[in-house]
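Protein chains in written order, with the numbering used here: chain A, 1 to 334; chain B, 1 to 334; chain C, 1 to 334. Cβ atoms here follow ideal geometry from the backbone N, Cα and C, with glycine treated the same way. For clarity, every value in this text was computed on a predicted model and none was experimentally measured. Read through the structure below, which is laid out as structure tokens, and then see the notes.
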Amino acid sequence: MPLKGRNFLSTQDFTRKEIEQILATAAKQKKSGWKPLKSKPKLALLFFNPSLRTRSSFELAAWQLGGHAVTLQPGKDAWAMEWREGIPMDGEAEEHVKDAARVLGRFFDAVCVRCFPKFQDWTVDKQDSMLRAIERYAGVPVINMETIVHPCQELALALTMKEKLKKTDGKKFLLTWTFHPKGLNTAVANSAALISTKMGMNLTVLRPPGYDLDPMFMDQARENAKAQGGSVTVTDDIDAAYKGADFVYCKSWGNLNYFGRWEEEKKVREPYRHFIVDAPKMAKTNDAYVSHCLPMRRNVKMTDEVADSPRSCLIDEAGNRIHGQRAMLTEILG
Amino acid sequence: MPLKGRNFLSTQDFTRKEIEQILATAAKQKKSGWKPLKSKPKLALLFFNPSLRTRSSFELAAWQLGGHAVTLQPGKDAWAMEWREGIPMDGEAEEHVKDAARVLGRFFDAVCVRCFPKFQDWTVDKQDSMLRAIERYAGVPVINMETIVHPCQELALALTMKEKLKKTDGKKFLLTWTFHPKGLNTAVANSAALISTKMGMNLTVLRPPGYDLDPMFMDQARENAKAQGGSVTVTDDIDAAYKGADFVYCKSWGNLNYFGRWEEEKKVREPYRHFIVDAPKMAKTNDAYVSHCLPMRRNVKMTDEVADSPRSCLIDEAGNRIHGQRAMLTEILG
Amino acid sequence: MPLKGRNFLSTQDFTRKEIEQILATAAKQKKSGWKPLKSKPKLALLFFNPSLRTRSSFELAAWQLGGHAVTLQPGKDAWAMEWREGIPMDGEAEEHVKDAARVLGRFFDAVCVRCFPKFQDWTVDKQDSMLRAIERYAGVPVINMETIVHPCQELALALTMKEKLKKTDGKKFLLTWTFHPKGLNTAVANSAALISTKMGMNLTVLRPPGYDLDPMFMDQARENAKAQGGSVTVTDDIDAAYKGADFVYCKSWGNLNYFGRWEEEKKVREPYRHFIVDAPKMAKTNDAYVSHCLPMRRNVKMTDEVADSPRSCLIDEAGNRIHGQRAMLTEILG
Chain A
1 MPLKGRNFLS TQDFTRKEIE QILATAAKQK KSGWKPLKSK PKLALLFFNP SLRTRSSFEL
61 AAWQLGGHAV TLQPGKDAWA MEWREGIPMD GEAEEHVKDA ARVLGRFFDA VCVRCFPKFQ
121 DWTVDKQDSM LRAIERYAGV PVINMETIVH PCQELALALT MKEKLKKTDG KKFLLTWTFH
181 PKGLNTAVAN SAALISTKMG MNLTVLRPPG YDLDPMFMDQ ARENAKAQGG SVTVTDDIDA
241 AYKGADFVYC KSWGNLNYFG RWEEEKKVRE PYRHFIVDAP KMAKTNDAYV SHCLPMRRNV
301 KMTDEVADSP RSCLIDEAGN RIHGQRAMLT EILG
Chain B
1 MPLKGRNFLS TQDFTRKEIE QILATAAKQK KSGWKPLKSK PKLALLFFNP SLRTRSSFEL
61 AAWQLGGHAV TLQPGKDAWA MEWREGIPMD GEAEEHVKDA ARVLGRFFDA VCVRCFPKFQ
121 DWTVDKQDSM LRAIERYAGV PVINMETIVH PCQELALALT MKEKLKKTDG KKFLLTWTFH
181 PKGLNTAVAN SAALISTKMG MNLTVLRPPG YDLDPMFMDQ ARENAKAQGG SVTVTDDIDA
241 AYKGADFVYC KSWGNLNYFG RWEEEKKVRE PYRHFIVDAP KMAKTNDAYV SHCLPMRRNV
301 KMTDEVADSP RSCLIDEAGN RIHGQRAMLT EILG
Chain C
1 MPLKGRNFLS TQDFTRKEIE QILATAAKQK KSGWKPLKSK PKLALLFFNP SLRTRSSFEL
61 AAWQLGGHAV TLQPGKDAWA MEWREGIPMD GEAEEHVKDA ARVLGRFFDA VCVRCFPKFQ
121 DWTVDKQDSM LRAIERYAGV PVINMETIVH PCQELALALT MKEKLKKTDG KKFLLTWTFH
181 PKGLNTAVAN SAALISTKMG MNLTVLRPPG YDLDPMFMDQ ARENAKAQGG SVTVTDDIDA
241 AYKGADFVYC KSWGNLNYFG RWEEEKKVRE PYRHFIVDAP KMAKTNDAYV SHCLPMRRNV
301 KMTDEVADSP RSCLIDEAGN RIHGQRAMLT EILG
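Here it is in structure tokens:
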């Protein structure tokens, strides 16, 4: 299936070959530059949550491709939005997303959306309703800038792994939970499980008891592993998990059993501060590269020693955001 | 009078011929495209209130014309502003609009302003002081992005009516008040009265007792009607109002007798929820088109059934915002 | 030393000759226009505090030079940032500036920073830690958009003084403290002391007892004066200070002895409302020009009569912001 005109909501909607095509374009543009698109793509960037890297890289990528991005923050500088169908809108939201999406689809060539979970009810949040509503009504490609997955981060991570590891197939990818003093979106953890298996790696998820990722994403990871010849392991054995790892990716995420009850989870989480990525743990690996999506709380999730070590890919991965996204925009809007 | 260099504060400052000239340019650009302006227009967009469509369409229009827009939100990312003359500025405002406007006039080719009423005292708000102060001092064209009228919305509405009705003269334009759970700016209602009569239509204003528009605007509408051969009717008879209508435009607005006393008005307003635009009412019309300026509270102001019907112009009108404004900028700054 | 690739953190890092080179480029571009830079400079504008002129002029200057600026507001639309080294980040800040700065250095050709003091402890604030941390890690030129000095404002002021006074050497520059109802950043006062002496002027600082500028800046001003053949005088004698002045620059600033204790300083400050710049004081000068960096509280810091007089440079100075900054960007990134 050609990539032109497609949505970019999850890497799961794309074959490995399609993802590799985007990554190849990214590597080529990074090395040899890019051409403006004839379509001069106009992007709406809808941010329901803060951003530094995502906004910078999308605004610059649009401009580099000869287009223009407009950043809107519904509920702040733009109107708050309703996404449920058919209800009388007599609450806070002034605008229904079905109208906003259709209007944005008239003005723009793509609508890009960041909308984190509301952290009250996971059965609701996992439906990704705002993104799905925008997809349904925009009439132009919709791009996920992080909701319950973060596919643009996946492009940057995959591009970085290809640069560092050369071949990803058969390599051991460790996704490790780390402590964090606040409840946090699980999107990047879900995404790391998806992209590592999509790239043919053997995924180990290291997490304390109770901190499993949603089965929906684990099932997708297992399907990927099966298709690409990799494997999926879940463990709470720190030593075993780090042993032989080729790439360590850390992220904090919430305990789904306590979703929306942060005060309770806080106590459950407290004993697991030792999951921090540190030098002794890294010493057990196969001289692994290590990364995180940023922003990252230093010395809580990863020690300075590791973060500033030669194997750290923090800045390379973040820097690759613009190359991954420019390539994806080139393929989808070119 | 040539349009170049003019302010765009209210359509009342323009003859019908001049408005038609802007609309003709809009229709032409919409059909056949546009050329960047040699002047590469630099626009300051001053938003004292939120926006989605207006900001998107102005930012894109500036860029499409080869220029650049900078969005400023005084009191948020820019300094709060004083507009009264001669007073010692020892309150919250750090900056006088006379200085800000003159500085913006040095940097930009036009200053565009959204500044809603403060909803405390209509005799104050109706003076439109912030807009008038900026007009006085900017030294470059000033464009109203909604204060107590919304002339850019009028361009989009007029363009949409010309597309749908072909000829507007002699057609029945129904402006109907609808319920809304909050106090709301009356600008678009005022504007609908102005532009419909300017376009030679017979205006019927349907509103509950006490919800009259300010006489200042009704007088302007009557002047327009007189000049263009139309008429102006005000009624609270729902059946009579809808009967034979060619275009239904709905909007909520506040009761001027209770201006700034929202808690009191709430009770006065409550019995009028049935003014909602619904299918039975629409059935009484001359197969009318129906629209609203957006954002719109669905199933409070208009039912989903009507909003999503083939006669609904919600998205067409919003989509025409960029064509109306690009044309206006072309005429004024070209 | 060539200017290309340099940081622009303080005018003290530049010789008078280098500053004059930037000013000459500014005057030339203002008169005859400019060319886009081949480098198409991409600027990150990091605003930890509000802005009108600085943001407008940087966004427009980047665009005029063929580049693009992205405005980020950490703690609002971007993540809050930590700048201290080595600490466990378990507080509010989600991101360490060392990571953010390095990432921005990957995306952008320069990182521009506005970060006011926190007004709690001057010994901390005077270290300018956020700016210094960004400088240390960005790997690209860093530009000060106002921290504890405001060198971009200095360029605009110097350009304006050259336009008005022709020759600045030997002229009397009066920097006068004025009352202000709130605590305020001292950056522009520090900067006025630096640039006036850098330009060979005789600096008089007029301030109430206790309102001395930090010795760090006064020492730099005295060094400048020594090098350029000027002088530095500090006084609380209003008549003597205004007498013979060629350029009057007013600014409010805080009492360093009460730094961070605003409720106490308020009482100390109250008796000095008469430091306001007014016509009787201006009458004592050598027909001086008068200015302020804006935003300015009229009739508190300067009377309308003076602000709107023919000798007022308020708007000329603000208008010169874009010329000074475009020239500086041309020299540093061209």
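> Is DSSP giving B:S231 helix, strand or coil here?
Replying inline: strand
> From C:V234 to C:N7, what does the alpha carbon distance come to, in whole angstroms?
Replying inline: 31 Å
>> I want to know whether the region 149 to 168 of chain C touches the region 9 to 19 of chain C - three or more CB-CB distances under 8 Å.
In response: yes
> Can you name the residues that DSSP bridges to B:P74?
Replying inline: B:A78
> Run through DSSP, which three-state label would B:V300 get?
Replying inline: coil
> For the alpha helix (DSSP H) that contains A:Y289, what are its first and last residues?
Replying inline: Premise fails: A:Y289 lies in the beta strand (DSSP E), Y289 to S291, not in any alpha helix (DSSP H).
>> Using 7 Å as the threshold, is the C-beta distance between B:P88 and C:N224 below it?
In response: no
> Mapping DSSP to helix, strand and coil, what is B:L175?
Replying inline: strand
> With contact counted as at least three CB pairs below 8 Å, one residue from each stretch, are the region 27 to 37 of chain A and the region 321 to 330 of chain A in contact?
Replying inline: yes
>> Just to make sure I have the definition right: I need the residues of chain A whose C-beta is within less than 9 Å of the C-beta of C:K267. Which are they?
In response: Here the premise fails: no neighbours, minimum Cβ distance about 38 Å.
>> Short of 7 Å Cβ to Cβ, which residues in the region 73 to 100 of chain B face chain C?
In response: D77, A78, W79, G86, I87, P88, M89, D90, E94, E95, H96, D99 and A100
> So, is A:E92 buried or exposed, given that buried needs 16 or more other C-beta atoms within 10 angstroms?
Replying inline: exposed
>> Buried or exposed for C:P310, going by 16 or more other Cβ atoms inside 10 Å?
In response: exposed
> Taking Cβ-Cβ distances shorter than 8 Å, what residues in chain A pair up with B:V124?
Replying inline: In chain order: nothing, as chain A lies at least about 25 Å away.
> Along chain C, in chain order, which residues have C-beta atoms closer than 7 Å to that of A:I143?
Replying inline: Those within 7 Å of A:I143 in chain C number zero; the least Cβ separation is about 18 Å.
>> For B:R84, tell me which candidate among B:K76, B:E94, B:D77 and B:A78 has the shortest Cα-Cα distance.
In response: B:E94
>> In this structure, how does DSSP classify A:C312 when only helix, strand and coil are distinguished?
In response: With the sequence shown as reference, residue 312 of chain A is identified as Ser, and Cys is not the correct amino acid for it. Residue state, collapsed to three classes: strand.
>> Run through chain A and tell me which residues come within less than 7 Å of C:V103, C-beta to C-beta.
In response: R53, L294, I315, A318 and G319
> Going by C-alpha distance, which of B:E305, B:K198 and B:Q21 is nearest B:Q220?
Replying inline: B:K198
>> Less than 7 Å between CB atoms is the rule here; does A:R106 satisfy it with respect to chain B?
In response: yes
> Name the chain C residues that come within less than 9 Å of A:I322, Cβ to Cβ?
Replying inline: R106 and F107
> If you scan the region 115 to 155 of chain C from start to end, which runs of the beta strand (DSSP E) of 3 or more residues do you find wholly inside it?
Replying inline: 142 to 144
> Can you name the residues of chain B whose CB is closer than 8 Å to the CB of A:K354?
Replying inline: Missing from the structure shown is residue 354 of chain A; chain A here goes from 1 to 334 and no further.
> Below 7 Å between beta carbons: does that hold for C:G105 and C:V140?
Replying inline: yes
>> Please tell me whether C:P36 has its Cβ less than 7 Å away from any Cβ of chain B.
In response: no
> Interface residues of chain B around A:A44 at Cβ under 8 Å?
Replying inline: S56
>> Between the alpha carbons of C:S143 and C:G230, how many angstroms are there, rounded?
In response: The question names Ser, yet the displayed sequence has Ile at residue 143 of chain C. Roughly 28 Å separates the two Cα atoms.
> If the cut is a Cβ gap below 8 Å, which residues of chain A does B:N299 touch?
Replying inline: G86, I87, P88 and M89
> Touch check for the region 65 to 82 of chain A and the region 275 to 291 of chain B: three-plus C-beta pairs under 8 Å?
Replying inline: no
> Do B:K166 and B:F108 have their C-beta atoms closer together than 7 Å?
Replying inline: no
> In whole angstroms, what separates the C-alpha of B:K226 from that of C:F48?
Replying inline: 55 Å
>> What would DSSP say about B:E95, mapped onto helix, strand or coil?
In response: strand
>> Suppose contacts are defined by Cβ-Cβ distances below 7 Å. Is C:A44 in contact with C:V103 by that definition?
In response: no
> Checking contacts by CB at 7 Å: is B:D304 closer than that to chain E?
Replying inline: Absence of chain E from the displayed structure is noted, the protein chains being A, B and C.
> Any beta-carbon of chain C closer than 7 Å to the one on B:V70?
Replying inline: yes
>> Strictly below 9 Å CB to CB, what residues from chain B border C:F47?
In response: D77
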